[in-house]
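**Q** Heads up: the sequence lines are chains A and B, in that order. Residues in the first sequence are numbered consecutively from 1, following the UniProt record's numbering. Residues in the second sequence are numbered consecutively from 1, following the UniProt record's numbering. Ideal Cβ placement from N, Cα and C applies to all residues, glycine included. Here the structure is a predicted model, which is why all the values come from computation and not from measurement. Just dropping this structure here.
2 protein chains.
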Amino acid sequence: MAPLPSTLPRTYSRITLRERPKAAINPSLDGKTGTFTLETGVPMFGDDELKPGEVIVQVDWISVDPAMRGWLNPTRSYVPPVAIGATMRAAGVGRVVRLAEGDKGELAVGDWVVGTLNWTQYAKVPVKEVQKIQVDSTISPTLYLGALGMTGQTAYWGLHDVAQIQPGDTVVVTGAAGAVGSIACQLAKLHGCRVVAIAGGEAKCKWLKDELLPEDQHVVLDYKSADFKKNFRDVGYVDKVFENVGGEILDLILTRLNKYARIALCGAIADYQSAQPKGLQMYLTLISQSATIQGFIVFNYSQKYHVAAEEMAKHIRSGALKVRETRTEGIDQCVNALVGLFSGANTGKSLVKIGDEGAPKL
Amino acid sequence: MAPLPSTLPRTYSRITLRERPKAAINPSLDGKTGTFTLETGVPMFGDDELKPGEVIVQVDWISVDPAMRGWLNPTRSYVPPVAIGATMRAAGVGRVVRLAEGDKGELAVGDWVVGTLNWTQYAKVPVKEVQKIQVDSTISPTLYLGALGMTGQTAYWGLHDVAQIQPGDTVVVTGAAGAVGSIACQLAKLHGCRVVAIAGGEAKCKWLKDELLPEDQHVVLDYKSADFKKNFRDVGYVDKVFENVGGEILDLILTRLNKYARIALCGAIADYQSAQPKGLQMYLTLISQSATIQGFIVFNYSQKYHVAAEEMAKHIRSGALKVRETRTEGIDQCVNALVGLFSGANTGKSLVKIGDEGAPKL
């Protein structure tokens, strides 16, 4: 890890929202045509700007998540949309580099923290809005954006509270090679379920089968394969679904539900960028099978995060839970990493290294 | 009521399924082009055909329900599809006219029964598959097909177990002037909810407002009105939904859910006859509002029917629950009555009078 700067640079870079995309994100950063603008040479926060209870954090890694696409839409949701001109919202980890004058709070310079740090090299944030994290030889800071952070919480609560998985269930996980999906596959397996993992492309499917789900009873299916629909039908009927994709795959799943099936609707990446989603045509099977689709967001479980965090840490330390990351470097790569989620470019957790050393070469 | 025949006629009429409709039902009964065939002159069951435990029932009224459309499709469902050539499945009430030789069972000639009697003037059924009913001056036999039968059970369990209505909730009921919907409106009101009833056409809406929901807090909306969407938005966000219609109205409702909203998906009459339903495009709001769509069928609650039956009978006797029926007469009117459900021809429970006096004039 790079040493912390003893003095802060006079300027830093950040990425702000330029205009709301109607469908797909335009990745240009030229400030004229793209969805976002890369702002360089932003003056560093002055010491006099730092109010009591605030800190400056040097952002080290930011998390790239499908939900971020939804934050760009001017529609009612579980969080307000990102304002035009505002720094793009993102979870991140970093180190505290400045405390407010005279502050003897919970944090010290050099502490690692996780929180909503946004697409910026330096963030000024209230101490109450970040959480101190412990980093050691087996627990890297990026795990707090993945398995030990919102990603792991999402998989855990989606399976246990929303889908209500039980040992012996056949559990479908879509977007199975993604950050949340790959953890959901493993948690369902560890809970005694039979897992049907759906992902796109041979490489992702090979990784899922070889590394995460090698046991015979689990099935990995490539939705890009010509035989996908037939192969999915051969799996038989399904009890629980952890759904990240939506669209046509969800429609297919709807035709293969057992009675009282439960679908935990975590995401629908196939439809996040559609100006006009195709829609669920097969929803009538919800009636005939007395089945449920339940949407959820991880923040619903904030009072119970410690329950999942303990279980996830145990599995990480024991090696029962495997984590994969797709890493890119440089704040200017944030937009490409986000766009890459929708083209299926990532396997596992998508992360961008920020930090001083990741500053754009302009 | 007509007296029971002392001797049975030598023949009777019934309606059988001729071919499965791909979309809308073809109402012709000519036996060549329609979905169904009217069979007249069918020889009466012989006494030697009656096994111990079977009875012959003269069918008096049959129930016409949207779910019957689903029974025509060759798809996996909660009951097998009606076979080609078989008498069309339908709930009915009638009177026992013959017992098996030497049977001293639970039923006597003249008893009123309810059960799956089908589109026929005479039904031969096992005693175990019908239920004896009590008919008196305030409880007509047709009530056992409506408020005191599956219709009332459906409204009760959909509201209480699936939607989980609570006093103070804003509860949307679609298909509100229909058999199940009109009871659901009243049960939600009696439970202390604010009801938003959606129906098609001025006459139905006037009936709902004047007779069932006259209190100020309840809202009745005509989906055929030009201002419907605006008027629905003016209602504000909604907590619970009793959904009978599906299609575009459900899509609109999906945009107006409160957090943790619950949609009890009872039916989707707008899409039952679609070869290719338009589909739910707005399902992503289930995520942002942590909302649930749960399908159900009334048979899930068969072990608890007595709970709802007691409450429904109490409300009927007290006058708190108002019932309306759309009645037609003659077995040859069964198909038209079924088709009428999809064009919105009925208000309240749709019933066809069968009986000898309803025999077709051919």
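Measure the C-alpha to C-alpha separation of serine 318 of chain A and alanine 83 of chain A and round it to an integer number of angstroms.
**A** Approximately 43 Å between the Cα atoms of the pair.
**Q** Give the interface partners of asparagine 244 of chain A over in chain B, defined as CB-CB distance under 9 Å, in chain order.
**A** Those do not exist, as asparagine 244 of chain A stays about 11 Å from chain B at its closest Cβ, beyond 9 Å.
**Q** Any chance the segment 228-239 of chain B sits against the segment 275-286 of chain B, with 3 or more Cβ pairs inside 8 Å?
**A** These segments do not touch.
**Q** In chain B, which residues lie with their C-beta within 8 Å of the C-beta of threonine 292 of chain A?
**A** Under the 8 Å cutoff, chain B gives Thr292, Ile293, Gln294 and Gly295.
**Q** Let me make sure I understand the geometry here. Which of B/Tyr78, B/Gly53 and B/Thr255 has the alpha-carbon closest to that of alanine 291 of chain A?
**A** Ranking B/Tyr78, B/Gly53 and B/Thr255 by Cα distance to alanine 291 of chain A puts B/Tyr78 first.
**Q** From the DSSP secondary-structure annotation, give me the bridge partner or partners of phenylalanine 36 of chain B.
**A** Beta-bridge pairing links phenylalanine 36 of chain B to B/Leu17.
**Q** Verify whether the separation of the beta carbon atoms of valine 173 of chain A and glycine 53 of chain A is less than 7 Å.
**A** Contact flag unset, no.
**Q** Do you know whose CA, among B/Gly201, B/Asp136, B/Thr154 and B/Leu143, lies nearest phenylalanine 299 of chain B's CA?
**A** Answer by Cα proximity: B/Thr154.
**Q** Please classify histidine 306 of chain B as buried or exposed, where buried requires at least 16 neighbouring CB atoms within 10 angstroms.
**A** Exposed, by the Cβ-count rule.
**Q** Any C-beta of chain A sitting closer than 7 Å to the C-beta of isoleucine 287 of chain B?
**A** So, interface residue.
**Q** For glutamate 19 of chain A, I'd like the list of residues in its chain whose CB is within less than 8 Å of its CB, leaving aside the five on either flank, ordered along the chain.
**A** Within the same chain, glutamate 19 of chain A has close Cβ partners Thr35 and Ile84.
**Q** Note down, in chain order, every chain B residue with its Cβ under 7 Å from the Cβ of leucine 280 of chain A.
**A** Residues of chain B passing the Cβ test: Gly279, Leu280 and Tyr283.
**Q** Leaving aside the five residues before and after residue 418 of chain B along the sequence, list all residues of the same chain whose C-beta is less than 8 Å from its C-beta, in chain order.
**A** Because chain B here runs from 1 to 362, residue 418 of chain B falls outside it and cannot be looked at.
**Q** Can you have a look at valine 59 of chain B and say buried or exposed, based on whether 16 or more other CB atoms are within 10 angstroms of its CB?
**A** Valine 59 of chain B is buried by the Cβ-count criterion.
**Q** Measure the CB-CB distance between glutamine 276 of chain B and phenylalanine 342 of chain B and report whether it falls below 7 Å.
**A** Taking 7 Å as the Cβ cut-off, glutamine 276 of chain B and phenylalanine 342 of chain B do not qualify as a contacting pair.
**Q** Taking 7 Å as the cut-off, decide whether the C-beta atoms of aspartate 251 of chain A and glutamine 281 of chain A are in contact.
**A** In this structure, glutamine 281 of chain A lies closer than 7 Å to aspartate 251 of chain A by Cβ.
**Q** Taking 7 Å as the threshold (C-beta atoms), are tyrosine 122 of chain A and isoleucine 133 of chain A in contact?
**A** No, the pair does not count as a contact, with Cβ atoms beyond the cut-off.
**Q** Going by DSSP, what residue range makes up the beta strand (DSSP E) through glutamine 294 of chain A?
**A** Residues 292-295.
**Q** Express the C-alpha separation of glycine 92 of chain A and glutamine 217 of chain A in angstroms, rounding to a whole number.
**A** Straight-line Cα distance between these residues: approximately 37 Å.
**Q** Please name the residue, chosen from B/Glu202, B/Val130 and B/Asp239, that lies closest to glutamine 164 of chain B on a Cα-to-Cα basis.
**A** For the residues B/Glu202, B/Val130 and B/Asp239, the minimum Cα distance to glutamine 164 of chain B belongs to B/Asp239.
**Q** Quick check on the DSSP output: the beta strand (DSSP E) that includes phenylalanine 299 of chain A runs from which residue to which?
**A** Counting along the chain, phenylalanine 299 of chain A falls outside any beta strand (DSSP E), and DSSP gives it neither H nor E.
**Q** In terms of alpha-carbon separation, which member of B/Lys32, B/Thr75, B/Ala23 and B/Ala100 lies closest to valine 57 of chain B?
**A** Ranking B/Lys32, B/Thr75, B/Ala23 and B/Ala100 by Cα distance to valine 57 of chain B puts B/Ala100 first.
**Q** Output the boundary residues of the alpha helix (DSSP H) element that contains phenylalanine 342 of chain A.
**A** That run of the alpha helix (DSSP H) goes 334-343.
**Q** Indicate the three-state DSSP secondary structure (helix, strand or coil) for alanine 123 of chain B in the structure shown.
**A** Reduced to three states, the DSSP call for alanine 123 of chain B is strand.
**Q** Roughly how many angstroms separate the alpha carbons of valine 241 of chain A and glycine 46 of chain A, rounded to a whole number?
**A** Cα to Cα, the separation comes out at about 50 Å.
**Q** Which stretch, first to last residue, makes up the alpha helix (DSSP H) that contains glycine 70 of chain A?
**A** Start and end: 67-70.
**Q** Should glutamate 243 of chain A go down as buried or exposed, given a rule of 16 or more other Cβ atoms within 10 Å for buried?
**A** When all chains shown are included, glutamate 243 of chain A counts as buried.
**Q** Distance, Cα to Cα, aspartate 210 of chain B vs lysine 204 of chain B?
**A** Roughly 10 Å separates the two Cα atoms.
**Q** If you count every other CB in all the chains shown that lies within 10 Å of the CB of leucine 117 of chain B, and 16 or more means buried, which is it?
**A** Buried: at least 16 other Cβ atoms inside 10 Å.
**Q** I want to see whether chain A comes within less than 7 Å of serine 77 of chain B, judged by CB atoms only; does it?
**A** True, the Cβ-Cβ gap to chain A drops below 7 Å.
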